[in-house]
Amino acid sequence: NAGVTQTPKFQVLKTGQSMTLQCAQDMNHNSMYWYRQDPGMGLRLIYYSASEGTTDKGEVPNGYNVSRLNKREFSLRLESAAPSQTSVYFCASGGGQTREQYFGPGTRLTVT
Amino acid sequence: SQQGEEDPQALSIQEGENATMNCSYKTSINNLQWYRQNSGRGLVHLILIRSNEREKHSGRLRVTLDTSKKSSSLLITASRAADTASYFCATAPYYNQGGKLIFGQGTELSVKP
Numbered sequence: 001n002a003g004v005t006q007t008p009k010f011q012v013l014k015t016g017q018s019m020t021l022q023c024a025q026d027m028n029h030n031s032m033y034w035y036r037q038d039p040g041m042g043l044r045l046i047y048y049s050a051s052e053g054t055t056d057k058g059e060v061p062n063g064y065n066v067s068r069l070n071k072r073e074f075s076l077r078l079e080s081a082a083p084s085q086t087s088v089y090f091c092a093s094g095g096g097q098t099r100e101q102y103f104g105p106g107t108r109l110t111v112t
Numbered sequence: 113s114q115q116g117e118e119d120p121q122a123l124s125i126q127e128g129e130n131a132t133m134n135c136s137y138k139t140s141i142n143n144l145q146w147y148r149q150n151s152g153r154g155l156v157h158l159i160l161i162r163s164n165e166r167e168k169h170s171g172r173l174r175v176t177l178d179t180s181k182k183s184s185s186l187l188i189t190a191s192r193a194a195d196t197a198s199y200f201c202a203t204a205p206y207y208n209q210g211g212k213l214i215f216g217q218g219t220e221l222s223v224k225p
């Protein structure tokens, strides 16, 4: 039982490059989330998926796209990376009755 | 914008002392949760308190909730060096929207041996 896994752990991109962050959960949760964490800003929700087949924008969706591939997997894509997207990205799953969330270990992304 | 505001932003104490962190929020909630984040790791759920509860305990953790003041506090008793981490409150809004939580900016706790 791995919980929530994320790949890659670290990534360096040049401005304008694209990449996809992968997330998978094995807890049979319906909901999945992508956050970014920046110093002094706490966690900000980028996109979420309340159930398989649905996705919705969060607080800071600009510059990102997501795909809920199946119940287990939720990917985040940066089409044209910008230095402002340098951050730590966390995937989470959960959203049951208590809405408790389970987090992955994070991806540290640097855009130069 | 973030609903939760945490106070203090940073707290440094000696081992054995108690640590108290506060969280304020703006809208009606279903529940309020506290999470812990060790340096370089993901967040881990600590404790949840429902809107109709006033106090909850779990081991050395005590959480209070005052819905009239829209505030909560987390008390860690007899702190240990291993408690050094960032602590975040998260509110579950009354109207569920995809199970979303709104996180505060966190309190950075340092416990010195």
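Protein chains in written order, with my numbering: chain A, 1 to 112; chain B, 113 to 225.
Glycine included, every Cβ here is placed at the ideal spot set by N, Cα and C.
Assigned with DSSP and collapsed to three states, residue 195/B falls in helix.
Following the DSSP letters along the chain, one finds residue 133/B inside the beta strand (DSSP E) bounded by residues 131-136. Secondary structure note for residue 219/B: its beta strand (DSSP E) is the uninterrupted segment 219-224. Two segments are said to touch when three or more pairs of C-beta atoms, one from each, lie closer than 8 Å; by this definition the stretch 149-159 of chain B touches the stretch 96-104 of chain A. About 6 Å separates the Cβ atoms of residue 52/A and residue 68/A, confirming a contact at the 8 Å cut-off. Neighbours of residue 90/A across chain B, judged by C-beta separation under 9 Å: 154 and 155. For residue 67/A, the nearest beta carbon of chain B is not closer than 8 Å to its own beta carbon.
Residues 81 of the same chain have their beta carbon placed closer than 7 Å to that of residue 17/A, with the five preceding and five following residues left out of the count. Within chain A, the residues placing a beta-carbon under 8 Å from that of residue 143/B are 98 and 99, ordered along the chain. With respect to chain A, the C-beta atom of residue 213/B has a partner C-beta closer than 8 Å. Boundaries of the beta strand (DSSP E) around residue 167/B: 167-170. Around the C-beta of residue 208/B, fewer than 16 other C-beta atoms lie within 10 Å, and the residue is accordingly described as exposed.
Among the residues facing chain B, residue 38/A is not included, as its CB has no counterpart in that chain under 8 Å away. Shown here for residue 202/B: same chain residues with a beta carbon closer than 8 Å to its own, the five before and five after excluded, namely 116, 144, 145, 146, 147, 213, 214, 215 and 216 in chain order. Between the stretch 80-98 of chain A and the stretch 16-36 of chain A, the count of Cβ pairs shorter than 8 Å is three or higher; the stretches touch.
Nearest C-alpha to residue 22/A among 75/A, 89/A, 109/A and 42/A: 75/A.
Between the stretch 183-194 of chain B and the stretch 20-38 of chain A, the count of Cβ pairs shorter than 8 Å is below three; the stretches do not touch.
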